[in-house]
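Residue numbers (mature numbering (1 follows the signal peptide of the UniProt record, and there is no 0)): -20 to -1, 1 to 243.
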């Protein structure tokens, strides 16, 4: 009887789920002659391959906020790579530098695509990444980047833009968009004009893309970033964190990605 009880206890212990352990590491990869410095995160307690998610930073560069989002994705069971669009891990400490760095990418679609796909290739090379399930999310500047990659026909299952720019000099052609698209937009974002919203919707309709556009009343630019108010006050910018819009958009993203991977 004692042995039977001990055996039962052993079975119960073995049946317990493994202790989750999120592994985060700084990584480097190349895009042409440019060294890029990313942040790779995954949960090593999960067995087998899982979808990979690219996280594209705000115009400040790859900072702690982008890393935090990558860790949250890893906790949900993804392999996440917060990528570097500026090279050498550059970060801006002032809007003038941020504008300079981001404009270099915004004004050169091929350069942006080169650096984005370099990160995507690196993510696919990771042993735990299911190369058939890849998506990208982006914030502000990063939102514009992931939308442009969808326009360019990059082979992604889904892209999600949080308070990102919507305009482009290179609109999507009919049938070119492979990714499902979700946009989370703040109704009080002064950087995105009403005509840009209308133009984006018309563009997506003409491109025959699958998209979801969510507008949050009262939300301003950078509504997902808890540090937005500090940046806004420091540099006199119309930035403001909105906890409700942050939570709701993140929940919508989770459902959107799950559905996109059920192809």
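For each residue, glycine too, the CB sits at the ideal point set by N, CA and C.
| query | Out of curiosity, what's the CA-to-CA distance linking residue 102 and residue 7? | reply | In the chain shown, counting from the first residue as 1, residue 102 sits at position 122. In the chain shown, counting from the first residue as 1, residue 7 sits at position 27. Each residue's Cα considered, the two are about 10 Å apart.
| query | Buried or exposed: which applies to residue 242, given that a residue is buried once 16 or more other Cβ atoms fall within 10 Å of its Cβ? | reply | Reading the chain shown from its first residue, position 262 is the one you call residue 242. Classification of residue 242: exposed, given that the 10 Å Cβ count is below 16.
| Is DSSP giving residue 41 helix, strand or coil here? | Locating residue 41 in the chain shown gives position 61, counting from the first residue. Three-state DSSP puts residue 41 in a strand.
| request: Determine the direct distance from the alpha carbon of residue 198 to that of residue 13, and round the result to whole angstroms. | output: As a position in the chain shown, residue 13 is number 33, starting the count at 1. As a position in the chain shown, residue 198 is number 218, starting the count at 1. Cα to Cα, the separation comes out at about 44 Å.
| task | Say whether the region 68 to 78 touches the region 95 to 109, bearing in mind that this needs 3 or more beta-carbon pairs closer than 8 Å, one atom from each stretch. | result | Touching, no, given that fewer than three Cβ pairs across the two stretches are closer than 8 Å.
| Where residue 17 sits in the DSSP three-state scheme | Counted from its first residue, the chain shown places residue 17 at position 37. Strand.
| field | Residue range of the alpha helix (DSSP H) that includes residue 124 | value | The count along the chain shown starts at 1 and reaches residue 124 at position 144. Taken as a continuous stretch (DSSP letters only), the alpha helix (DSSP H) holding residue 124 covers 121 to 131.
| message | Suppose the cutoff is 7 Å on Cβ atoms and the five residues either side in sequence are ignored; what does the same chain contact list for residue 34 look like? | response | Numbered from 1 along the chain shown, position 54 holds the residue referred to as residue 34. Correct list, in chain order: 61, 63, 99, 100, 103, 116.
| What beta strand (DSSP E) runs, 3 residues minimum, are completely inside the region 72 to 121? | Listed in chain order, they are 109 to 119.
| message | Please report the straight-line C-alpha distance between residue 215 and residue 74, rounded to a whole angstrom. | response | The count along the chain shown starts at 1 and reaches residue 215 at position 235. The count along the chain shown starts at 1 and reaches residue 74 at position 94. Straight-line Cα distance between these residues: approximately 8 Å.
| Residues near residue 240 by beta carbon distance below 7 Å, same chain, minus five either side | As a first step, residue 240 is located in the chain shown; it is residue number 260 there, counting from the start. Close CB contacts of residue 240 within its chain, under the 7 Å cut and outside five residues either way in sequence, are with 115, 137, 138, 160 (chain order).
| My guess is that residue 187 and residue 154 are in contact by the Cβ rule of under 8 Å, so how many angstroms apart are they, rounded? | Here residue 187 is taken as the residue at index 207 of the chain shown, counted from 1. Here residue 154 is taken as the residue at index 174 of the chain shown, counted from 1. Indeed they touch by this definition, with Cβ atoms about 6 Å apart.
| By Cβ distance, which residues of its chain are closer than 7 Å to residue 58, with the 5 residues on each side in sequence left out? | Taking the chain shown and counting its residues from 1, one reaches residue 58 at position 78. Taken in chain order, the residues that qualify are 30, 31, 32, 33.
| request: Determine the contact status of residue 157 and residue 133, defining contact as a CB-CB distance below 8 Å. | output: The count along the chain shown starts at 1 and reaches residue 157 at position 177. The count along the chain shown starts at 1 and reaches residue 133 at position 153. Their beta carbons are under 8 Å apart, which means residue 157 touches residue 133 by this criterion.
| request: Under 6 Å Cβ to Cβ from residue 4, same chain only, skipping five residues before and after it: list those, please. | output: What you label residue 4 is simply residue 24 of the chain shown in a count that begins at 1. Apart from the 5 residues on each side of it in sequence, residue 4 sits with its Cβ closer than 6 Å to the Cβ of 21 in its chain, given in chain order.
| Per-residue burial, residue 16 [other beta carbons within 10 Å of its own, 16 or more giving buried] | Taking the first residue of the chain shown as 1, we reach residue 16 at position 36. Around the Cβ of residue 16, a 10 Å sphere holds 16 or more other Cβ atoms; the residue is buried.
| message | Report the CB separation of residue 144 from residue 124 in whole angstroms; it is logged as a contact under 8 Å. | response | The residue given as residue 144 occupies position 164 in the chain shown. The residue given as residue 124 occupies position 144 in the chain shown. Yes, residue 144 and residue 124 are in contact; Cβ-Cβ is about 5 Å, under 8 Å.
| Roughly how many whole angstroms lie between the Cα atoms of residue 91 and residue 237? | What you label residue 91 is simply residue 111 of the chain shown in a count that begins at 1. What you label residue 237 is simply residue 257 of the chain shown in a count that begins at 1. Approximately 27 Å, taken between the alpha carbons.
| Where do the ends of the alpha helix (DSSP H) carrying residue 178 lie? | Locating residue 178 in the chain shown gives position 198, where the first residue counts as 1. Counting along the chain, the alpha helix (DSSP H) containing residue 178 begins and ends at 174 to 186.
| query | Can you list, in chain order, the residues of its chain whose CB lies under 6 Å from that of residue 121, leaving out five sequence neighbours each side? | reply | Start at 1 with the first residue of the chain shown, and residue 121 comes out as number 141. Shown here for residue 121: same chain residues with a beta carbon closer than 6 Å to its own, the five before and five after excluded, namely 38, 39, 82 in chain order.
| 8 Å CB neighbourhood of residue -5 in its chain, flanking five on each side removed | Counting from one through the chain shown, the residue named residue -5 turns up at place 16. With a pLDDT of only 38 at residue -5, under the threshold of 50, the placement of this residue in the model should not be trusted; the figure read from the coordinates follows. Hits under 8 Å: none found.
| query | From what residue to what residue does the alpha helix (DSSP H) around residue 233 run? | reply | Here residue 233 corresponds to residue number 253 of the chain shown, with the count starting at 1. Start and end: 223 to 241.
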